[in-house]
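One structure below.
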Amino acid sequence: MKIKTMMILTITSSQCFSTSLHAAMLEGCGFYKVEGIVREDKLKVKLIVNEKSVSEIKFSAPFNWETKLRAYINDPVTVQLKIEKRPDGTLAEIHSIQEISLRVPDPMSFKPEDLKLIKKAGCR
Amino acid sequence: MKKILLLALFFTQLHAAENVRSNIMILGGGGEPQGNETIFDTSLAKLGNYFNKTKWNNASVAFNGGHNVTETVLNQKFTAAENKGHFTDVNYKQIINEYTDKIGKTIKSGDQLLVYVYTHGGQRKENQTTHSISTTGAAITDTNNLSGGSMVSMDDLKTLTEKAKNNGVKLAIVDLSCHSGASLALANENTCVVSATGPNHLAYASQTAFGDTFVDKMTPGKNLEEIFLDARSSSDDNGMPMISTPENFQITKNLYDAITPYLYSANKDGDKLGNYLLKTAQSDLSCRMKREDDFKRINDLIDQIESINTVTKKVLFWNHVEKTLDLSELRASIKEYKMQQDQMLKALETMNTPDLKIIDHYSMEDIESTPLSRLELLRTDYDKVINDMQNDAVMSASERERNVRWFTYLKSKQTELNNSRPELKRAINIGLDFDKESLRSYSLASQVKNNEKKLYDSFYKHYKKENAEKSNPCRDFVL
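Next up, the structure:
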């Protein structure tokens with residue numbers, strides 16, 4: 001068979017992985033779905049959204065939830081969490097964590113990490 | 001008579017070559033961490049040596065900013081070039097505008113303009129034709145998307161390529177950054193684009209990597225296609241260099257998508273292999289099938305190119321078919337790396353077993369109930385945490401005592417689970433081995449890359465036979 005008559009099957013990676021654009025912003029207290037990376041700094045474990053960018057947001061956690069986050073240090077994750085204390089600018093405190101899963105960053109779309117308010121709740 | 005005609009043609013071309021005015025624009029050096037040096041210095045110095053040996057009509061440099069060694073190279077090697085300052089967003093756009101404006105005025109039909117770009121490059125974004133490259137400023141933290149640093153788009157060169165085409169100016173864009181294959185979209189009838197790697201892959205900076213080798217091979221009288229092929233076959237990094245010739249497009253259309261995962265390796269600042277495997281492990285069946293189809297496609301390509309490169313010899317009364325190109329090492333290296341990746345995929349799948357998702361609640365008298373999945377309990381390095389807590393001088397003694405007690409308790413629960421469910425421990429160990437196996441990935445990808453060069457060269461020669469008489473902007477751009 002001649003090379004130039006070869007049948008080429010072209011399936012691009014975009015067919016396998018979907019992409020979309022959102023902006024990350026804290027909107028008070030409530031339940032959030034957060035994409036970020038878990039980092040340890042001076043023995044404190046934090047969840048960081050859009051690390052080292054102008055839209056960086058840091059979540060600290062009480063000791064028991066820090067224990068859970070320790071399993072994911074330096075991993076990109078998606079976390080469903082609740083905030084009960086009013087965020088201070090770009091700093092927020094996790095009240096509780098409902099779910100964590102490992103996440104694959106998507107350089108193809110270059111979308112910033114996402115932070116979505118799922119359900120609003122009153123601050124305490 | 002024929003000899004006289006050839007001689008006359010030679011002198012006419014020589015005279016024409018002398019009349020071609022050469023111009024160069026040197027850009028890059030961005031996204032590097034603070035310090036004296038950048039990873040681009042060696043290549044820049046080599047380019048400087050070439051620059052000083054040749055004659056340029058217009059030469060401009062906008063490179064780096066803030067690194068002493070790089071600045072010294074610029075000052076010593078590019079004295080004849082106009083220094084446009086640091087490689088900032090503003091300077092990048094200004095230098096492109098200046099040269100776009102010069103086309104049709106001081107840069108005329110038949111003249112040549114070489115745009116040399118050597119900096120960090122990100123993967124193409126959804127809204128881009130090409131890709132982003134790093135400018136001077138903060139260091140990048142992710143080689144895939146250039147996050148942490150500032151950047152500009154290679155799309156900004158589009159107007160320059162169109163004006164060059166409309167005015168008969170020969171333009172060459174040599175993009176040596178990561179993911180630079182995306183810049184091949186800038187090619188047109190008058191513009192040749194050379195990239196150090198494909199749109200999905202990293203490029204490398206070392207004396208034997210494509211970027212440096214390309215500069216080493218730059219010789220007056222040679223065309224860009226010759227330099228590219230020479231540099232591609234003699235460089236030794238894991239990139240996938242490309243050139244905007246019909247031959248390259250024919251090869252990459254067949255090969256690139258399929259070979260992509262076998263040139264990936266794991267690295268901490270933009271892990272290609274880890275991201276690919278995690279995506280594949282989490283994806284639906286179609287992506288798994290594509291992986292298998294791609295593997296089959298590479299093997300079919302190898303078979304086809306080997307069958308083209310055979311000769312039939314007559315031995316007594318029989319015809320004996322003999323291979324003149326043996327790609328068995330390529331076949332073996334891809335197979336080995338695929339098996340390795342398959343094992344890593346299995347490890348990732350194992351970590352997703354329902355048993356590891358079961359949540360148990362742990363608490364102590366002074367610590368609230370903490371829900372931890374078995375995966376979380378097994379994958380935390382409690383020995384390290386306990387050691388760090390014991391050696392911390394900041395926290396109070398009571399806090400330290402409580403923390404050490406808590407993590408020692410969790411460590412004991414981890415050991416219990418390890419002993420009662422050894423199969424879960426094995427699953428996690430496979431997962432932990434993932435990191436260890438990742439380290440092997442660069443050498444496995446290197447084996448694939450070294451053998452792929454033979455395949456690419458052979459395909460290129462095969463297609464070139466079909467296009468031998470045809471000109472293209474890369475063949476027409478003679479240094």
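Chains as they are written, first to last, in our numbering: chain A, 1 to 124; chain B, 1 to 479. Just so you know, even glycine gets a beta-carbon here, dropped at the ideal spot from N, CA and C. This one's a predicted model, so the numbers in the text were calculated from it and none came from an experiment.
Nearest residue (CA-CA) to residue i, options the options
i, options, result
"TYR256(B)", "HIS131(B), LYS453(B), ASN167(B), ASP284(B)", "LYS453(B)"
"HIS86(B)", "SER443(B), THR70(B), THR79(B), GLU225(B)", "THR70(B)"
"PHE63(B)", "LYS53(B), ASP355(B), LEU202(B), LYS77(B)", "LYS77(B)"
"SER161(B)", "GLY122(B), LEU113(B), GLY198(B), SER153(B)", "Reading the sequence as shown, one finds Thr at residue 161(B) and not Ser. Here the closest residue by C-alpha is LEU113(B)."
"LEU479(B)", "GLU247(B), GLY110(B), SER150(B)", "GLY110(B)"
"LYS165(B)", "GLU189(B), VAL152(B), CYS178(B)", "GLU189(B)"
"GLU484(B)", "ILE95(B), GLU247(B), GLY198(B), THR72(B)", "Residue coverage of chain B in this structure runs from 1 to 479, which leaves residue 484(B) outside it and unanswerable."
"LEU184(B)", "GLU226(B), MET240(B), GLY148(B)", "MET240(B)"
"ASN74(A)", "GLY122(A), ILE118(A), VAL54(A), VAL49(A)", "VAL49(A)"
"LYS338(B)", "ALA59(B), ASN299(B), LYS357(B)", "ASN299(B)"
"THR344(B)", "SER265(B), ASP175(B), GLU225(B), PRO199(B)", "According to the sequence shown, residue 344(B) is Met rather than Thr. Among SER265(B), ASP175(B), GLU225(B), PRO199(B), the Cα nearest to that of MET344(B) belongs to SER265(B)."
"TRP56(B)", "PRO371(B), ILE358(B), ALA81(B), ILE39(B)", "ALA81(B)"
"LEU375(B)", "ARG405(B), ILE386(B), ASN391(B), GLN414(B)", "GLN414(B)"
"THR143(B)", "ASP101(B), TYR409(B), PRO33(B)", "PRO33(B)"
"GLU99(A)", "GLY28(A), TYR32(A), LEU26(A), GLU27(A)", "TYR32(A)"
"LEU157(B)", "GLY149(B), ASN145(B), ASP175(B)", "ASP175(B)"
"LEU146(B)", "GLN282(B), SER235(B), GLY121(B)", "GLY121(B)"
"LEU301(B)", "SER235(B), LEU316(B), CYS287(B), THR252(B)", "THR252(B)"
"LEU202(B)", "CYS192(B), GLY221(B), GLY181(B), THR208(B)", "GLY181(B)"
"TYR276(B)", "ASP342(B), LYS108(B), PHE317(B)", "ASP342(B)"
Proximity of residue i and residue j at Cβ, strictly below 7 Å
i, j, result
"THR213(B)", "ALA231(B)", "yes"
"ILE140(B)", "SER134(B)", "yes"
"VAL34(A)", "TYR72(A)", "no"
"GLY30(A)", "LYS116(A)", "no"
"GLY35(B)", "THR119(B)", "no"
"MET218(B)", "TYR50(B)", "yes"
"LYS323(B)", "GLU349(B)", "no"
"LYS85(A)", "GLU93(A)", "yes"
"LEU43(A)", "GLY36(A)", "no"
"LEU224(B)", "ALA172(B)", "yes"
"ILE334(B)", "TYR262(B)", "yes"
"LEU455(B)", "LEU330(B)", "yes"
"VAL505(B)", "ASP89(B)", "Nothing about residue 505(B) can be read from this structure; chain B reaches only from 1 to 479."
"THR312(B)", "ASN319(B)", "yes"
"ASN58(B)", "ASN23(B)", "yes"
Proximal residues of chain E, C-beta to C-beta of residue i below 8 Å
i, result
"GLY239(B)", "Annotation note: the requested chain E is absent from the structure, which comprises protein chains A and B."
Simplified DSSP state of residue i, which is helix, strand or coil
i, result
"LEU21(A)", "Residue placement at LEU21(A) cannot be trusted, given a pLDDT of 39 that sits under 50; what the coordinates show is reported in the next sentence. Coil."
"THR380(B)", "coil"
"TRP318(B)", "strand"
"THR452(B)", "Note on identity: in this sequence residue 452(B) is Glu, with Thr being the wrong assignment. The answer is helix: DSSP assigns GLU452(B) an H, G or I state."
"LYS119(A)", "strand"
"ILE140(B)", "coil"
"LEU202(B)", "coil"
"PRO371(B)", "strand"
"ASN58(B)", "strand"
"ASP146(A)", "The structure shown does not extend to residue 146(A), since chain A spans only 1 to 124, so no value can be given for it."
"VAL215(B)", "helix"
"GLU226(B)", "helix"
"GLU82(B)", "strand"
"LYS323(B)", "strand"
"LYS2(A)", "Caution applies to LYS2(A), whose pLDDT of 31 falls short of 50 and renders its modelled position unreliable; the model cannot decide the point."
"PHE51(B)", "helix"
"HIS462(B)", "helix"
"ASP342(B)", "helix"
"PRO422(B)", "helix"
"LYS33(A)", "strand"
"ASN36(B)", "coil"
"GLN94(B)", "helix"
"SER53(A)", "coil"
The ligand ATP heavy atom lying under 6 Å from the CB of residue i
i, result
"GLU66(A)", "In the structure shown, the ligand ATP is absent, as is every other ligand, since no ligand is present at all."
- Message: Which complete alpha helix (DSSP H) runs does the region 242-270 of chain B hold, if anything under 4 residues is left out?
- Response: Whole alpha helix (DSSP H) segments, 4+ residues: 246-259.
- Near-chain B residues of the region 64-75 of chain A (beta-carbon distance less than 7 Å), N- to C-terminal order: Across the region 64-75 of chain A, CB contacts with chain B closer than 7 Å involve ASN64, THR67, LYS68, ARG70, ALA71, in sequence order along the chain.
- Query: For the region 34-60 of chain A, which residues have a beta carbon sitting closer than 9 Å to at least one beta carbon of chain B?
  - Reply: Taking 9 Å as the Cβ-Cβ cut-off against chain B, the residues of the region 34-60 of chain A that qualify are GLU40, LYS42, LEU43, ASN50, GLU51, LYS52, SER53.
- Query: Can you list, in chain order, the stretches of the alpha helix (DSSP H) that have 4 or more residues and sit fully within the region 118-172 of chain B?
  - Reply: Within the region 118-172 of chain B, the complete alpha helix (DSSP H) runs of at least 4 residues are 158-166.
- What residues in the region 147-159 of chain B bring their beta carbon closer than 8 Å to a beta carbon of chain A? If the cut-off is 8 Å between Cβ atoms, the region 147-159 of chain B has SER147, GLY148 near chain A.
- With 7 Å as the C-beta to C-beta threshold (strictly closer), list the residues of the region 66-90 of chain B near chain A in chain order. For the region 66-90 of chain B, no residue has a beta-carbon sitting nearer than 7 Å to a beta-carbon of chain A.
- For the region 379-390 of chain B, which residues have a CB atom closer than 8 Å to at least one CB atom of chain A, in sequence order? Answer set for the region 379-390 of chain B: ARG379, THR380, VAL385, ASP388, MET389.
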